[in-house]
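Reading through the structure tokens given below for one structure.
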Amino acid sequence: MAHPHEREDTHPHGVSSALSVRWVQGYPKQNVQFVNNETICYPSGNYIIFVNMETKEKTVLQCMTGIVGVMATNIPYELIAFSDRKHKPAIHIYKFPGLTRKTKLKGTVLLDYTLLSFSYCGTYLASYSSLPDYELALWNWDAQVILCKQSQPGVDVNQMTFNPMNWHQLCVSSSNAVTVWTIERSNQVHHFSSKSVKLPTEDGAILIEKDIIFSHSKPKDLIYGPVLPISAIAGLVGEEAETFRPKDDLHPLLHPTMHCWTPTSDLYVGCEEGYLLMISGETLKVTVLNKTEEPPSTGKGNIISPVTLVYQKEGIFASGIDGFVYSYIIKDSSYKVENLVELEEPVEHLMFSPNYKVLLIQTQKGSVYTCTFDEEPVFNEVLIACEGNFQVIDFIKPANTHFLTLTASGEVGIWHLEDCSSVSKFSLHTPSTVLACSPSSHTVVVGTLDGSVHFLDVSDLSAPSEIHKVFLSEASVQSVTYDQRGLFLLVGTSEGHIFVINAKPSSSFKILGFTEMIKGISQISTVSLLEADTVEVMVLTPLPEAGRSRLELFTLPTILPQVAETLLDKRGRLQETFIHKFLYEIEHVLSSAVLDFQSQRILGFCDQVPYICSYLLPPHEHTGVYVLKPFQKIQSRQYGPGKLSLSSHGLWLLSTAKGGILYIRDVQTLEIFARCRSHSYQGQGIQSLAISLDGQDILVNGKTDGTLVALKWKRFGGLLATNSLDHYLKLLSFLNTTVEEEHSYIKSMSKQSLDVELENENTMQASTESSQEDMASAQDIKKISWLQTKSQEAIKEEVNQFSKKRKDIKKRIKALARMVASMMEENDSLALVARLEQKEFSLDLEELERLHDESEEEIAKIKKDSEMENLAKNYLADLIKGECWNSMTVKGRSLKCFHLPYVVENFPMKERTAEELKELEKVLQQKKIETECLKLRKEIVEVESTVSLSKKHHEEDDEEEEENVATKDTNLPNYLLGSQSTDFGVDTTYLQSQLELHSREEKIDQIILLKDIIYKVKTCFNKEFNASFKQKEFEIARVKERNVRIQEIITDLELEEKIWQPELEDCEVPERTLVVEGSEIKARKYIRPWQKVKEELILTYKLEKLFAFQASDMRQRALMDMMGGVLEVKKEDILKMVIPQPAFMIKPDTVWSEEERKQFKEYEKKVKELNEERDKYRKSLEAEMKKLQNNILETTQAFDEHLKRLFERRVKAEMVVNQEELKINNLLFSLLLDEELNSRELCLNNYLTRQQQQKIQTSQAIQTAKEDLDMYKENYDNLVAEDKVMDRSFKKEFADLPIQQVDLLYKLFKRRPRVHKQKVQQDVISLTPFGERVGAEKLAKDAFTQLMKSMEELDNVNNMPEGLDVSVWEHFCATRRAKVENEQKVKQKGAGLMEMLTFLRKRIEDDEKVQKNIEKVFRELVILQENKVEFQLNLTIQILLKQGQVELENFQLLLEYPDAILINKNIIEDLNAVIRTQGQKKVASMVESKDVHKGIFQIEWEHKKMEMEMEDLNQKAWDIQMLFFSRDRQKFLNEPHYETLIALQIGIMEQTVAVIEKTHKKNVENCKKLIKKLGKYSGHKDLSNYVLSCNLREELVAVSERRDICNAIGSKLTCEKIAKERYDSMMEQQRLTHISKQQAEEISILQAEVERLRMRTFPALVPF
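Okay, so the sequence shown: first residue is 15 according to the numbering used here, each after it adds one.
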């Protein structure tokens, strides 16, 4: 039920609400929360629903500002906090169970809150907002203030929880990070400090990250300078430098999904990758828990990544997407997984009740279950969600006690209207769209996406069943509408068909016909009055292209079921003349329209403007489309597309829209008389609406929030109730008779449906026994809709009607086909040129034309694609050519030798830009100025020296020569210049020495000059290359000239030699590659028809001209006939000359005459002379050819030698270019390193600035904390002083009383009552792992209240000492009460003082940390400055060394020369010359001394030799004298057969050795047997040891269990024993203290007595 304190806001136009919320039905889309041990709550749309798990009673709290955002509960205070979703949202806090608003928190958030979380103790609430703020805020909800807040731009958070054991800790987790926020408090100041958890990588490895800002101990690079951080190399100088990581150093981390706290303030975090992490709450150290490997279970559970976690004593409960709830038993760093509960859908949320007896399980669908942990777990259902959101709702008519709901999945639900309790559910298992309940029978119709209509019997509400099904069309059903009397059912589809069905079950829901509309039916409205014979139907369809709406009205007579067969065409279409169909159009778009019950007006809801319009229908009939004009127009006060509907009696107009507000208007005046905000625009408003027949109950369903709201009238009476109830009673009396009549038919249909189901089951069983072929054929049968059936029947009827004509046409077609086939055969036999294509024989001209058009389109498409591709390639070619060819002033080309395999390439060069030339000119000008300045300085120095010194003329000449030499020497030598560019005549005077390049500007100028040198070197070589290229062209031309003569000689001599003709290749003339020759094109050229005709005409004209010329050239023919075509015989023709034989040579020589013989001799003589001339001429030709060939060879070889030298020059030029480029690269690297050093310095300075600013903030925070501490401490000291003053002034206040009473009162004054702590039940302590979580402030208040109650007992008159006045006792009680209150204040202040001291210590630690960072930055800056200075002074220079001048052994190249210096070579050579001279002198003296020493050594050696010979002779004599003869030597000398004796001894020894070996083998065998025996014995011992170890292990387990039992049992006794000992010790200490005080008093009394006696005895000895 709705909460009674909820009120609807008044409308801005002064219309008050007359509707209230009766109940709300919805399922949780957010996490369900506990309010107390018995009640849960969850948001649904604009409401928060509270459910009592024991009684299932529901309570509703409505958010008046719109949809509920996020929600949180506070169990100790029983509070509910939720946010609304509007601009600048607020947080509302309500008290349960009264549901009274506790407070409203208004912050600075602009859009929405995403998370809320209460602290487990205290009055703290944490909130997190979405974009653009991303603000984490801590509220004191009791004081309605924000204590502190922190913004995190761009950080989305998934979960936020307080530490149950310490509200100072707050964990915030997202999909890629876990952050623990610490809340620090100092009196009234709160401070946020965060620390992120370093998550492991995806493989579970802990990643160790190094600090990026500060450098680490890395070895210096001796070549490439100092080692800098990556951020400096990347050029980052801002805050991004602190977090920059290269792509290769980025490792994918684990993705947290959920976390939960433990009683030890640790965190358990579940990850998407399946890992479970444990994070220490103090150090935030991450431990990856290992899963204990167990044998695979037979269950289906297989958790991959935990979706939700909840802590329990032995570990955690977790759930995944597989529908299982798992129990993680965690021990040390490992865990074991066990299945706890199995559900049919994924589990989304787990939560324990406050007393930890009930585990709440929420599924992804929205169902809620509980698991109660008693002796055995008990599983209960709390909420069973439907399959999706409610799509359509409707009342079960004519009664108003139940209603129906439909989900998109096809689930139909029947509910009680009174309390929305579920009666029954029925699933169609098919996607459904619409639902409607028949007013004339207990049936319900459901439309589906596949075009079917299902009829359900709801006469038995607890068991609905399907009684009929009609497959209308393949288009989805969009609308089902009953008329008010339940005569007809109108079904609209997406294709624009409206089917008219008999709504009565007695007609078996016969389809009466259909009519066609425009696609996209928006709404169907009907008017069916009790006294009328017709049913008026209006259909609204949109015309989006025209920006209009169309209305189609037609009439259905009540006698339509009897005459339907005669009024339909063959395809089932209703005749428009019979139904009187009229078309209307509206000039604007309507989202909804209804027909007035008087059938004279149409009410429409405008789609694009907030208006409701009424349109009057024309009184006369019309043809065509009639345009309606608005008759009445009022503002709807609603936005977006809305929907209109009429009440059952037609006097109320109900309108809904995206705003979520229901308006009820009077139909006649369109004035609002009731309104209710049931939903909000954030949930897309209201989707469907249903009103009962009596008008007392209204159901509204949200579009996306999944909330169903029942509305009721607050005051239902007067004219409203009278009109509604009168119509309801009339309609009810009419409908009851119809319902009773149709009820029997429904029962029969339900029986038939049961019989059909049984038959289907039997057929299914029979089909399983049938063959596979029958099953396949049955599956191939496709459902045919009613529309298709009617169309097929009409086609069959038409076929039967025109069968004769069809047969005649088929015959003619067959004859024509045979004729075409013969023509095609004849065509195949023709030649290829005369043959027609296959498509020419097609008789379908339209098909031919279509194919032709398709082919033309395809050709055009291919042509266009080819053109675009060619255009792209041409564009790319132009780009490449422009970049690599046109932009080159010197094109790249090669030059090859004639005979040698040498190829010389030139240097391709681009033209220098104007900017480069300008920079070069600027540098050259600057260098010239510097050179002139240097010369002037030298001249000034030289003039001063000549004035000061006077020398002779020849000395001056010598000085001038020396100066000239000096000026010549000022140019750098090649080895120090670093290149051989001077060999190409390049001026290097402006180059600066490599030893002087220190500044950035000098390096840049040097780079520009080096580039100019490279350009000049390339230009110099290119000139030489061009000269050689021209020379080769000249040589090729000369060879061609000589080859012409050689070819003539070869032709004359009739030789078969080939002429060597050199040509320039493509690499030498690269321009030819850019020109496409005709021979390179392999494809045939496409010639247009007009070009072919033109070429033929030109060829004909040329042939005619040639023939005419040949016919008129008589002189040429005569010359050819007489003299062979020449007027003079040339010398070259000798070889071709032939002397003709005389004619008589044909005859035999015997018949020749003398004259003929003379002629023959002359003939032979001429032939001989001709042959001699031929031989002589042939030899001269051969000599000339050989000479020409030798000349060609010599000239080409000479060119090859020249090109060889040019190749060497090219190598040298390339070497020079590489040398200069190497110097440029070194300079560029030094510039880059300089930039990196500057970036590093700027980064450190920026970091230092930020740290200094932070230092200022921390210093200010410390100063503020100290000031607050001093003020607080002063107040604390004042309270302590007041307490001491009260204690000291007690006896003064009661000085009038006797001393004994004063002492007694003082003891009572010091006495304090004992405050008894509330004992928590043992079972609660054992179940709740976090214990009783009550805030310190609440504990202090409760303790103080209990103390004051105890003080009232002490203040009782019964406790007053005897003989004391009552007024004195009252004064004493007031004083003692004031003292107690002051002590409590001192305690509270003391606790606050400790907290402030801790806060100050934290701030000091932060300040020290910042100070350390600043000191680190200063050290880094000092190191950086040293590196920078070292880098500027330690230059990298390039030196030319001759080959072989530097020799290294084993390629050991030293990279560090700390003691080396670079000096001039001449100094070394002069020093070597001096050393060489001195060395020669030293060698001469050493040779002389060597000769002298050599003679001395020789004499000494001879003397030693003689002494040694003498010693040898003496030794030999002594040896002879002392020679010793042993027995063996004597036996050898005396025994004649000594060798036989030795052999005999050897044999004896061999026998002895054999015996020893035999004995040894025997001993070895005995040892092996002994070892084998010992091994068996050892095996027995091992077996017995194993048995003993197993027994020992079991005994150890038993001992351990007994120890644990003893410890568990004895812990309580031990605690009591310790407590008793502490109590005895305290009592003993108190007794001893009391004794010591008494003894001290006695001693003081005795001392006073002694002093008194001493004064009496010795009065003169008074101390001064």
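Quick reminder that beta carbons are idealized off the backbone N, C-alpha and C, glycines included.
Starting from the C-beta of residue 97, find all residues in its chain whose C-beta is less than 6 Å away, skip the five residues before and the five after it, and write them out in chain order. Along the sequence shown, read from residue 1 onward, the residue named residue 97 stands at position 83. 83, 84, 103, 105, 127, listed in sequence order.
Contact set for residue 1073: own chain, Cβ-Cβ below 8 Å, skip 5 residues either direction: Here the question's residue 1073 lines up with position 1059 in the sequence shown. Counting only Cβ-Cβ distances below 8 Å, and skipping sequence neighbours, we find 1057, 1060, 1061, 1064.
Using only alpha-carbon positions, find the residue among 1052, 1285, 1069 that is nearest to residue 1077. Position 1063 of the sequence shown, counted from the start, is the residue given in the question as residue 1077. The shortest Cα separation from residue 1077 among 1052, 1285, 1069 belongs to 1052.
Counting only runs that start and end within the region 1514-1566, where is the beta strand (DSSP E) found for 3 or more residues in a row? none
Own chain, CB closer than 6 Å to residue 1668, minus 5 neighbours either side, in chain order: By one-based count along the sequence shown, residue 1668 stands at place 1654. Correct list: empty, nothing qualifies.
Helix, strand or coil at residue 919 [DSSP, three-state]: To locate residue 919, count along the sequence shown from 1; it is residue 905. Look at residue 919 here: in three-state DSSP terms it is strand.
For residue 77, the residue or residues it bridges with in DSSP: Counting from 1 along the sequence shown, the entry for residue 77 is found at position 63. According to DSSP, residue 77 bridges with nothing at all.
Could you give the distance in angstroms between the alpha-carbon of residue 1422 and the alpha-carbon of residue 1411? Your numbering for residue 1422 matches position 1408 in the sequence shown. Your numbering for residue 1411 matches position 1397 in the sequence shown. Roughly 16 Å between the two C-alpha positions.
Can you give me the start and stop residues for the beta strand (DSSP E) that residue 205 sits inside? Along the sequence shown, one-based indexing puts residue 205 at 191. First-last of the beta strand (DSSP E) with residue 205: 203-210.
Taking just the CA atoms, how far does residue 513 sit from residue 710? Counting from one through the sequence shown, the residue named residue 710 turns up at place 696. Counting from one through the sequence shown, the residue named residue 513 turns up at place 499. Using only the alpha carbons, I get a separation of about 32 Å.
Terminal residues of the beta strand (DSSP E) in which residue 550 lies: Sequence index remark: in the sequence shown, residue 550 carries index 536 (1-based). Where residue 550 is concerned, the enclosing beta strand (DSSP E) starts and stops at 548-557.
Restricting to Cα atoms, I'd like to know which of 1284, 279, 121 is closest to residue 1408. As a working note, residue 1408 is residue 1394 in the sequence shown. Nearest option by C-alpha distance: 1284.
Starting from the C-beta of residue 423, find all residues in its chain whose C-beta is less than 7 Å away, skip the five residues before and the five after it, and write them out in chain order. One-based indexing of the sequence shown puts residue 423 at position 409. Non-local beta-carbon contacts of residue 423 in its own chain, meaning distances under 7 Å to residues more than five positions away in sequence, involve 401, 402, 445 in chain order.
Do you know offhand how far residue 33's Cα is from residue 687's? Residue 33 sits at position 19 when you count from the first residue of the sequence shown. Residue 687 sits at position 673 when you count from the first residue of the sequence shown. Between residue 33 and residue 687, the C-alpha separation is close to 10 Å.
Rounded separation between residue 1367 and residue 1391 - CA only: Numbered from its first residue, the sequence shown carries residue 1367 at position 1353. Numbered from its first residue, the sequence shown carries residue 1391 at position 1377. If you take the alpha carbons of residue 1367 and residue 1391, they lie about 12 Å apart.
Are the CB atoms of residue 549 and residue 542 nearer to each other than 8 Å? Numbered from 1 along the sequence shown, position 535 holds the residue referred to as residue 549. Numbered from 1 along the sequence shown, position 528 holds the residue referred to as residue 542. Yes; because the gap between Cβ atoms is below 8 Å, this pair is in contact.
Report back the beta-carbon spacing between residue 760 and residue 522 to the nearest angstrom; my notes put them in contact at under 8 Å. If you number the sequence shown from 1, residue 760 lands on position 746. If you number the sequence shown from 1, residue 522 lands on position 508. About 11 Å separates the beta carbons of residue 760 and residue 522, which is beyond the 8 Å limit, so they are not a contact pair.
Measure the beta-carbon distance from residue 282 to residue 325 and round it to whole angstroms, keeping in mind my assumption that it falls under 8 Å. To locate residue 282, count along the sequence shown from 1; it is residue 268. To locate residue 325, count along the sequence shown from 1; it is residue 311. Rounded, the Cβ-Cβ distance is 7 Å, consistent with contact.
Which first and last residues belong to the beta strand (DSSP E) in which residue 35 is found? Along the sequence shown, read from residue 1 onward, the residue named residue 35 stands at position 21. Looking at the DSSP string, the run of the beta strand (DSSP E) that includes residue 35 is 33-40.
Between 160, 150, 835, which has its C-alpha nearest residue 170's C-alpha? Here residue 170 corresponds to residue number 156 of the sequence shown, with the count starting at 1. Comparing Cα positions, the closest option is 150.
Between residue 933 and residue 1248, what straight-line distance do the alpha-carbon atoms span, to the nearest angstrom? As a first step, residue 933 is located in the sequence shown; it is residue number 919 there, counting from the start. As a first step, residue 1248 is located in the sequence shown; it is residue number 1234 there, counting from the start. Rounded to whole angstroms, residue 933 to residue 1248 spans 22 Å at the Cα level.
How big is the Cα-Cα spacing for residue 81 and residue 689? Translated into positions along the sequence shown, residue 81 becomes position 67. Translated into positions along the sequence shown, residue 689 becomes position 675. In a straight line, the C-alpha of residue 81 is about 18 Å away from that of residue 689.
Reducing DSSP to helix, strand and coil, say where residue 180 ends up. Position 166 of the sequence shown, counted from the first residue, corresponds to residue 180. Residue state, collapsed to three classes: strand.
If we call anything under 8 Å between Cβ atoms a contact, is residue 322 one with residue 363? Translated into positions along the sequence shown, residue 322 becomes position 308. Translated into positions along the sequence shown, residue 363 becomes position 349. Yes, these two residues count as a Cβ contact at 8 Å.
If you follow the beta strand (DSSP E) that residue 302 is in, where does it begin and where does it stop? Translated into positions along the sequence shown, residue 302 becomes position 288. Residues 300-305.
List the whole-angstrom C-beta distance separating residue 586 from residue 797, where the pair is believed to meet the contact cut-off of C-beta under 8 Å. Taking the first residue of the sequence shown as position 1, residue 586 is located at position 572. Taking the first residue of the sequence shown as position 1, residue 797 is located at position 783. Rounded, the Cβ-Cβ distance is 17 Å, inconsistent with contact.
By the three-class DSSP mapping on this structure, what secondary structure does residue 1661 have? Here the question's residue 1661 lines up with position 1647 in the sequence shown. In this structure, residue 1661 counts as helix in the three-state DSSP scheme.
In terms of residue numbering, what span does the alpha helix (DSSP H) encompassing residue 1023 cover? The residue you call residue 1023 lines up with position 1009 of the sequence shown. Here the alpha helix (DSSP H) through residue 1023 covers 1014-1067.
Below 8 Å between beta carbons: does that hold for residue 615 and residue 629? Your numbering for residue 615 matches position 601 in the sequence shown. Your numbering for residue 629 matches position 615 in the sequence shown. Yes, the pair counts as a contact, with Cβ atoms nearer than the cut-off.
DSSP three-state call for residue 1325: helix, strand or coil? One-based indexing of the sequence shown puts residue 1325 at position 1311. Residue state, collapsed to three classes: coil.
Between which two residues does the alpha helix (DSSP H) holding residue 1210 run? Within the sequence shown, numbered from 1, the residue matching residue 1210 stands at position 1196. Residue 1210 -> alpha helix (DSSP H) spans 1168-1302.
For residue 1662, which residues of its own chain have a beta-carbon under 7 Å away from its beta-carbon, when the five flanking residues on both sides are left out? On the sequence shown, residue 1662 is found 1648 positions in, with the first residue counted as 1. Nothing meets the Cβ criterion.
Distance between residue 61 and residue 179 (C-alpha atoms, nearest Å): The count along the sequence shown starts at 1 and reaches residue 179 at position 165. The count along the sequence shown starts at 1 and reaches residue 61 at position 47. Rounded to the nearest angstrom, the two C-alpha atoms are 32 Å apart.
Cβ contact (3+ pairs, closer than 8 Å) linking the region 51-67 and the region 742-750: no
Is it true that the CB of residue 467 sits closer than 8 Å to the CB of residue 505? Against the sequence shown, residue 505 aligns to sequence position 491. Against the sequence shown, residue 467 aligns to sequence position 453. Result yes, Cβ atoms of residue 505 and residue 467 sit closer than 8 Å.
Nonlocal neighbours in the same chain, by C-beta distance under 8 Å from residue 182, ignoring five residues either side: Residue numbering aside, residue 182 sits at position 168 when the sequence shown is read from its first letter. Excluding positions up to five away in sequence, the list reads 196, 197, 198, 199.
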